[in-house]
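Structure first, then comments.
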Amino acid sequence: MRALRLQPSSAMAIYAHPDDADVAAGGLLALWASEGCAVHLVVVCDGAKGSHVPRADSTLLRDARREEQQFAADLLGAATVIGLDRPDGGVVNDEELRALLVGLVRLYRPEVVLGPDPTATFFGGVYVNHRDHRETGWALLDAVAPAAAMPLYFPEQGEPHQVRHLLLSGTHEPDVVADVSRTIDTKVKAVLAHTSQLAGDAEAIREVVYERAEQAGRPVGVAFGEAFRSVELAF
Ligand SMILES: [Zn+2]
7 MRALRLQPSS
17 AMAIYAHPDD
27 ADVAAGGLLA
37 LWASEGCAVH
47 LVVVCDGAKG
57 SHVPRADSTL
67 LRDARREEQQ
77 FAADLLGAAT
87 VIGLDRPDGG
97 VVNDEELRAL
107 LVGLVRLYRP
117 EVVLGPDPTA
127 TFFGGVYVNH
137 RDHRETGWAL
147 LDAVAPAAAM
157 PLYFPEQGEP
167 HQVRHLLLSG
177 THEPDVVADV
187 SRTIDTKVKA
197 VLAHTSQLAG
207 DAEAIREVVY
217 ERAEQAGRPV
227 GVAFGEAFRS
237 VELAF
C-alpha cells in the first residue's frame, strides 16, 4: 500500500447511483476540487429504485435523489454533474453506454477517471456488489482502455483522449490510499446529503463514514483515507 500522490487538473468520477461517488471518493474529489481540479461527475442510473420502503413512489424518489446529488456535488465543489438516467438495476455494459462514456471522456478530457472496481463481487460474506456497480465498472474500463484513446472506436464521439490514471473503489485489491484528512468533514456532509438513503439514522452513518476512513488511512499513517486500486495507463 502506498500513499496516492496525484494532483490532476481534471478528473471524472463515473458511478452507478447518485450517492456512490460521495461514499467511495467524496474526500478525494473534494480535495482535488479545492486545489483547482475540474471534477466531473457522471451518474449512470436514475436512482428510482433505491428504497426499502414498501410502495415508495419511484418518480418522487428519482426527483429527490437528483436534488440530493446536485446538493452533494456542490458541497464537493464538482464542476459538472451529468446524469445518464439509466433505470436502477438496468445498467448494461452495451455499445450505447460505452459510446456515451467515450463521448464524455473525449469532451471533458480528464487525466484521472474514478469508478467502481467491477471484479469485486462478494464483500465479507455479508454483501453482494450491486449489478449496476459491476456493469458500470466494466463499461468505464472498456470506454477508457482503450476505446476513448483510439480514433477508430466511436469516431462520431469526438477527438481521442488518453486517460492517464484509473482509480477504482469498492475493490478487493487496493494499492493506494488518498489522504482525505482535510476534507473528511465535507465527505461526511456530502454522504449525509442523500437523506433518502439514510433510513433515518444519520448519526450511525456519520460514524461509519469516519470509521471506514480511519481504517483506510491506517496503512499509510494518515488520519482519514480513501483506498483505491490504481492503474497507470501506458501509451
Ligand atoms: Zn450504488
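So the sequence shown is residues 7 to 241, counted in the working numbering.
Note that the Cβ used here is the ideal one computed from N, Cα and C, for glycine as well.
* Asked: Nearest to Arg-104 by alpha carbon, out of Asp-148, Gly-96 and Gly-131?
  -> Asp-148
* Asked: Can you list, in chain order, every residue whose CB sits closer than 6 angstroms to a heavy atom of ligand 1?
  -> Ala-22, His-23, Asp-26, His-136 and His-139
* CB-CB under 8 angstroms to Ala-36, same chain, minus the five flanking residues each way: which ones, in chain order? -> Leu-81, Leu-82, Gly-83, Val-186, Thr-189, Thr-192, Lys-193 and Ala-196
* Three or more beta-carbon pairs under 8 angstroms between the stretch 166–179 and the stretch 202–215, yes or no? -> no
* Any heavy atom of ligand 3 closer than 8 angstroms to the Cβ of Ala-196? -> The ligand content of the structure shown is limited to ligand 1, which means ligand 3 is not among them.
* For His-139, collect the residues of the same chain with a Cβ closer than 6 angstroms to its Cβ; drop the 5 residues on either side in sequence, then sort them by chain order. => Ala-22 and Pro-122
* Is the CB-CB distance between Leu-239 and Ala-184 below 9 angstroms? -> no
* Kindly list the residues whose CB is nearer than 8 angstroms to the CB of Ala-17, restricted to its own chain and excluding five residues on each side of it in sequence; keep chain order. => Leu-35, Trp-38, Cys-43, Ala-44, Val-45, His-46, Pro-116, Glu-117, Val-118, Val-119 and Leu-120
* Helix, strand or coil at Arg-11 [DSSP, three-state] -> coil
* **Span separating the alpha-carbon of Val-134 from that of Asp-52** => 21 angstroms
* Three-state secondary structure (DSSP) at Ser-40? -> helix
* To do: Could you name the residues of the same chain whose beta carbon sits closer than 8 angstroms to that of Gln-13, not counting the 5 residues immediately before and after it, in chain order?
  => Trp-38, Glu-41 and Cys-43
* To do: State yes or no: is the C-beta of Ala-85 within less than 9 angstroms of the C-beta of Ser-175?
  => no
* Asked: Roughly how far, in whole angstroms, is the beta-carbon of Val-98 from the beta-carbon of Ala-153, given that I think they are within contact range, below 8 angstroms?
  -> With a Cβ gap of about 16 angstroms, Val-98 and Ala-153 do not count as contacting.
* **Straight-line gap, Ala-199 to Gln-75 (C-alpha atoms, nearest Å)** => 8 angstroms
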